[in-house]
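Colleague:
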Amino acid sequence: MAYLSVQQLDKYFGERALFTDLSFEVGEHDKIGLVGDNGCGKSTLLRILMGEDTDYGGTVVKYRDTAIGYMEQHTCREASRTLFDEVQSVFAPVMAVEQELATVNIALSRGNPTPELLDRQHTLREKFESMGGLYYKSRVRATLLGLGFPESAFTTPVGVLSGGQRSKAAMGRLLLAQTNLLLLDEPTNHLDIPSVEWLEEYLQEYAGAVIVISHDRYFLDKVTNKTMELKNGRLYVTNGNYSYHKEQREKDREIELKHYKTAMQEIRHIEENITLLKQWNREKSIKQAESRQKRVDRLRENLVDPEKDNAVVKFTFEAGQVSGNEVLVARDLSKSFDRPLFRNANLDVMRGDRLFVLGPNGCGKTTLLKILTDRLSSDSGFIRLGAKVTIGYYDQVQQGLDEKKTALQELWDAYPLKTETELRCAMATFLFRGDDVFKPIGVMSGGERARLLLLKLMLAGDNFLLLDEPTNHLDIASREALEDALSGYDGTILAVSHDRYFINRMAGRVVCLTPDGIEQVGGDYDAYAAKRRMETAPPPAPKAPSNNTYKQRKERESAIRRLTTAVRRAEEAVAALEEEIAALNAQLADPATAADYELLTSLTAALDEKNEALTAQMETWEQTQLELESLTNENGG
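Residues 262 to 898 (this note's numbering) are what the sequence shown spells out, left to right.
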C-alpha cells in the first residue's frame, strides 16, 4: 500500500527551475533517505509533501489513511511555552473537547440542567473518552520521561532548552501524534551520539514510513532502505541505504557515460557519411542522406546527457614543516565552571596520530581543545608541545571570523603577503567564485562560513590540526572532500566529532573524555560503541549449578509457591480494580451526576487514579508471571 504518490512534480522560483518532473511513491514500509547538496530543494520538497507549499506543478496524492507527521529543522518556535505544554499541544483537539466539557459542567452546576445541556455533556464525555482524554496527560509524561527529560524540566520554557532538547521535544510530539508517515528535516542536528542512537532505534522499529533529510551518512545507513538523491533538478532513486546508493550511482554513471559516448560516436560517424552523400549530389545519395539524418535525429532525441558533477570543494592540507616525534603531552588537566567537567586528564599525541576525543554533550570536549590551544586556562596540570609544532584550530562556533569583512578581506588580513590572484584562486577551490569573494561574512550561511574557516586553515600550513566538529554545516559532498583532503595530510590531527562516518574513516585512535580523565578506547567509532555496550549491558545471569542439591531444590519450590501466590493476588487486584472502574463509569454516566460539578470532578479524578493503579497492577502481574515461568522452566516444569 502507498501513502503518497508524486507525479511529474515541478518547482520554480521565477524562471529558475529548482527541480522538474519528479515522480515517486512512498510505500508503507519505506524508510527513505532524501539527500543532495545544500540548496538543491530537499526541504522545499518536504514542505510540498506536507501541504505547506502549494505553488508547484504536477500532482501530489495523499491516500485516505495517510497521517503525516512533520519535523522541520527549526523546531519549537513558541519560546515561552513550557516543555510539557509544547509536547501536549499535539493533543489540541482533545484539549478543546475537554475545555468545552468543563464549560458545560460549570453551566450545569449553576442551575437546573436542560435536556440540551445534558445531551451535550453526554456527547462530549463520550467523545473525550474515545479520543483518549482520560490518559493523554499520562502519555505526555511517560513520553518525556522516556526521552530522558527529568520531571523537573517539564515546566522549563522551550526557549531556554538546548538545540538537542528542542529536537527531542519535537520528536516527542511526533511519537504521540499517531502518524504513519514521518517527514524529518535534519533530525540529528544538535543531538549527541546517544540521542542519535536512540532516534535510530526508534525509526528502525517505527511501523510506518519515513522520509528523512540528513547529511549524517552513518545515520542514513542505519535507518534507511531507500535513497532519493536530488541533483541538478533531477531525482535519482535507489532501493538501498546511502552507502549502497553511492556505490550504485557510480556504476550507473559509468554505464550512462559509456552509452552516451557510444551514441555520440555513432552520430558523428553517420553525420560524416551524410556529408559525403551530400557532396556527391546525386538523387539516390541525397535520399540516403535524408534517411540517415532521420536516424541521427532519433538518436539525438533519445540521447540522455550524462549526469553533471556539481561543484565540490577541492583542496589539500600540507604541513609547512615537520614536527618532532612528540607533538603534545598533557598531564593531570582539570576544569570546572559551575560544576566539575573533568579531572586527571592525561594525553599523549605523537606525530602522524589521527586522534579523536569522544564523549556525550557537556562532558568538556570543546573546553579541552581550548585548553590545549591556550584559549582557556586549566585549573590544574600542565601541557608541553613538541619541537617545531605549529597549531591550527577549527572552532565549531565559527568565532574566528569578522562578520563585517568580506570573504576576500578576511583572507587578505590573515595572509597579507599573498596576492589577490593567489587568494582568489584558492577561494575558487572552496567554491567562492565571482562576486562571492565580496560577500559579507555576516550574511553567509553556516556552510559558507565553514568553507572559509577550512580555507584559512589550509593556507596556514600548520602541522598539528585541532578540529572541533569540522563537518558541522557541511553537506555530504563537502564532508567527503574534507575527508579526502585530511587523508593525504602529512601532519597530526586531534579532533572532536559526532559524525560517526567521519570518525570511522579518519580515526587512527579513539579516546573517551570522562569526569575522571581520558580513557583509551580503540581504533574507531565502532570500537567506542562496542565498549559502551559492554559497559551498559546487564550482567549475565549466574548459571545454575550442575549439582541440584536438596536444599537448592527446596528453595526453588518455595520461590515458585511465593510467585504463584503473588500472581494470584495481582489477578485478584486487577479484577477488583476493573469492577471499581466499571462502577465509577456507571456513576459518571448517571444524569444526576452531571448537575453536581464537584462530584463530577471528584469522580473523574478517582477514575484517573484507578486507571493508573490498574496499569501498575497489570505490570506487576506481567513481571511476576515472567519470573514464575522462568523459574518453572528451570525446575523442569
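We put the CB at the ideal spot given by N, CA and C, even for glycine. This structure is a prediction, so every number in the text was calculated from the model and none was measured.
1. Under the DSSP definition of a beta bridge, which residues are partnered with residue 268?
2. Rounded C-beta distance between residue 294 and residue 503? I'm assuming under 8 Å.
3. So, for residue 262: in the same chain, excluding its five sequence neighbours on each side, which residues have a beta-carbon less than 6 Å away from its beta-carbon?
4. With DSSP as the reference, please indicate the residues paired to residue 781 in a beta bridge.
5. If you pair each beta-carbon of the stretch 629-641 with each one of the stretch 760-767, do three or more pairs fall below 8 Å?
6. On the DSSP bridge assignment, give the partners of residue 415 in chain order.
7. Fully enclosed by the stretch 597-625, which beta strand (DSSP E) runs are 3 residues long or longer?
8. Could you tell me the alpha carbon to alpha carbon distance between residue 566 and residue 309, rounded to whole angstroms?
9. For residue 401, name the three-state secondary structure that DSSP assigns.
10. Quick check on the burial criterion: 16 or more other C-beta atoms within 10 angstroms. Buried or exposed for residue 645?
11. Are residue 578 and residue 691 close, meaning C-beta to C-beta below 8 Å?
12. Have a look at residue 618 and residue 780 and give me their C-alpha separation to the nearest angstrom.
13. From the DSSP output, read off the bridge partner residues of residue 495.
14. Beta-carbon within less than 7 Å of residue 435's beta-carbon, same chain only, minus the 5 sequence neighbours each way: which residues are those?
15. Spatial neighbours of residue 531 within its chain, please: CB distance less than 7 Å, with the 5 preceding and 5 following residues excluded, ordered by chain position.
16. Given this structure, state the Cα-to-Cα distance separating residue 770 from residue 404, to the nearest angstrom.
17. Whose C-alpha, out of 302, 437, 708, is nearest the C-alpha of residue 350?
18. Residue 550 and residue 539: beta carbons closer than 8 Å?
19. Exposed or buried, what is residue 584 when buried is set at 16 or more other beta-carbons lying within 10 Å of its beta-carbon?
20. What's the gap between the Cα of residue 750 and the Cα of residue 407?
21. When you compare only the Cα positions, how much space is there between residue 266 and residue 662?
22. If you run the structure through DSSP and keep just helix, strand and coil, what is residue 420?
23. Going by DSSP, what residues sit across from residue 474 in a beta bridge?
24. Could you tell me whether the Cβ atoms of residue 815 and residue 841 are closer together than 8 Å?
25. From what residue to what residue does the beta strand (DSSP E) around residue 332 run?
26. Does the contact criterion of 3 or more C-beta pairs under 8 Å hold for the stretch 275-288 versus the stretch 490-502?
27. For residue 595, which residues does DSSP report across the bridge?
28. Buried or exposed: where does residue 301 fall if 16 or more other Cβ atoms within 10 Å of its Cβ makes it buried?
29. Between residue 874 and the rest of its own chain, which residues show a CB-CB distance below 8 Å, the 5 nearest in sequence each way excluded?
30. In this structure, what does DSSP give as the bridge partners for residue 273?
31. Taking the straight line between their C-alpha atoms, what separation do you get for residue 402 and residue 345?
32. Helix, strand or coil: how does DSSP classify residue 728 here?
33. When DSSP labels each residue in this structure, what does residue 676 get in the three-state scheme?
34. What number of angstroms, rounded off, separates the C-alpha of residue 647 from the C-alpha of residue 728?
35. With 16 as the cutoff for other CB atoms within 10 Å, does residue 203 come out buried or exposed?
36. Would you tell me roughly how many angstroms separate the C-alpha atoms of residue 712 and residue 665, rounded to the nearest one?
Modeller: This is what the structure holds:
1. For this step, residue 268 is matched to residue 7 along the sequence shown. Looking at the DSSP output, residue 268 shares a beta bridge with 320.
2. Here the question's residue 294 lines up with position 33 in the sequence shown. Here the question's residue 503 lines up with position 242 in the sequence shown. Confirmed, Cβ separation roughly 6 Å.
3. Along the sequence shown, read from residue 1 onward, the residue named residue 262 stands at position 1. Taking residue 262 as the centre and dropping the five residues before and after it, the same chain places the C-beta of 289 closer than 6 Å to its C-beta, in chain order.
4. As a first step, residue 781 must be located in the sequence shown, where it is residue number 520. According to DSSP, which records beta bridges pairwise, residue 781 is partnered with 772.
5. No, because fewer than three Cβ pairs between the stretch 629-641 and the stretch 760-767 fall closer than 8 Å, the two stretches do not touch.
6. Counted from its first residue, the sequence shown places residue 415 at position 154. Under DSSP, residue 415 forms no beta bridge with any residue.
7. Restricting attention to beta strand (DSSP E) runs no shorter than 3 residues, the stretch 597-625 encloses them at 601-611, 615-619, ordered along the chain.
8. The sequence position of residue 566 within the sequence shown is 305, counting from 1. The sequence position of residue 309 within the sequence shown is 48, counting from 1. Residue 566 and residue 309 have their alpha carbons spaced roughly 28 Å apart.
9. For this step, residue 401 is matched to residue 140 along the sequence shown. Residue 401: helix per DSSP, three-state reduction.
10. If you number the sequence shown from 1, residue 645 lands on position 384. Exposed: under 16 other Cβ atoms inside 10 Å.
11. Within the sequence shown, numbered from 1, the residue matching residue 578 stands at position 317. Within the sequence shown, numbered from 1, the residue matching residue 691 stands at position 430. In this structure, residue 691 does not lie closer than 8 Å to residue 578 by Cβ.
12. As a working mapping, residue 618 is identified with position 357 in the sequence shown. As a working mapping, residue 780 is identified with position 519 in the sequence shown. Each residue's Cα considered, the two are about 10 Å apart.
13. The sequence position of residue 495 within the sequence shown is 234, counting from 1. Its beta-bridge partners are 492.
14. Residue numbering aside, residue 435 sits at position 174 when the sequence shown is read from its first letter. Within its own chain, the residues whose Cβ lies closer than 7 Å to the Cβ of residue 435, once the five positions on either side in sequence are excluded, are 330, 332, 443, listed in chain order.
15. Taking the first residue of the sequence shown as position 1, residue 531 is located at position 270. Taking C-beta separations shorter than 7 Å and ignoring five residues to either side along the sequence, the partners of residue 531 in its chain run 553, 556, 557, following chain order.
16. Counted from its first residue, the sequence shown places residue 770 at position 509. Counted from its first residue, the sequence shown places residue 404 at position 143. Taking C-alpha positions only, residue 770 is separated from residue 404 by approximately 37 Å.
17. What you label residue 350 is simply residue 89 of the sequence shown in a count that begins at 1. Of 302, 437, 708, the residue nearest in Cα terms is 437.
18. The residue you call residue 550 lines up with position 289 of the sequence shown. The residue you call residue 539 lines up with position 278 of the sequence shown. Their beta carbons are under 8 Å apart, which means residue 550 touches residue 539 by this criterion.
19. Within the sequence shown, numbered from 1, the residue matching residue 584 stands at position 323. Around the beta-carbon of residue 584, 16 or more other beta-carbon atoms lie within 10 Å, marking it buried.
20. For the purposes of this step, residue 750 is identified with residue 489 of the sequence shown, where counting begins at 1. For the purposes of this step, residue 407 is identified with residue 146 of the sequence shown, where counting begins at 1. C-alpha separation (whole angstroms): 44 Å.
21. To locate residue 266, count along the sequence shown from 1; it is residue 5. To locate residue 662, count along the sequence shown from 1; it is residue 401. Straight-line spacing of the CA atoms in residue 266 and residue 662 works out to 45 Å.
22. To locate residue 420, count along the sequence shown from 1; it is residue 159. Helix, per DSSP.
23. Within the sequence shown, numbered from 1, the residue matching residue 474 stands at position 213. The partner list for residue 474 (beta bridge, DSSP) reads 295, 446.
24. For this step, residue 815 is matched to residue 554 along the sequence shown. For this step, residue 841 is matched to residue 580 along the sequence shown. Taking 8 Å as the Cβ cut-off, residue 815 and residue 841 do not qualify as a contacting pair.
25. For the purposes of this step, residue 332 is taken as residue 71 along the sequence shown, with counting starting at 1. Membership of residue 332 in the beta strand (DSSP E) is indicated by the continuous run 329-332.
26. Because the criterion of three Cβ pairs below 8 Å is met, the stretch 275-288 and the stretch 490-502 touch.
27. Numbered from its first residue, the sequence shown carries residue 595 at position 334. The partner list for residue 595 (beta bridge, DSSP) reads 641.
28. Position 40 of the sequence shown holds residue 301. Residue 301 comes out buried.
29. Counted from its first residue, the sequence shown places residue 874 at position 613. Contacts found: 838.
30. One-based indexing of the sequence shown puts residue 273 at position 12. According to DSSP, residue 273 bridges with 278.
31. As a working mapping, residue 402 is identified with position 141 in the sequence shown. As a working mapping, residue 345 is identified with position 84 in the sequence shown. Each residue's CA atom was taken as its position, placing residue 402 and residue 345 some 8 Å apart.
32. Taking the sequence shown and counting its residues from 1, one reaches residue 728 at position 467. Residue state, collapsed to three classes: strand.
33. For this step, residue 676 is matched to residue 415 along the sequence shown. Taken through DSSP and simplified to helix, strand or coil, residue 676 comes out as coil.
34. Taking the first residue of the sequence shown as position 1, residue 647 is located at position 386. Taking the first residue of the sequence shown as position 1, residue 728 is located at position 467. Cα atoms of residue 647 and residue 728: separation of roughly 19 Å, rounded to the nearest angstrom.
35. As displayed, the chain neither begins before 262 nor continues past 898, which places residue 203 out of reach and without an answer.
36. Numbered from 1 along the sequence shown, position 451 holds the residue referred to as residue 712. Numbered from 1 along the sequence shown, position 404 holds the residue referred to as residue 665. Computed Cα separation, rounded: 17 Å.
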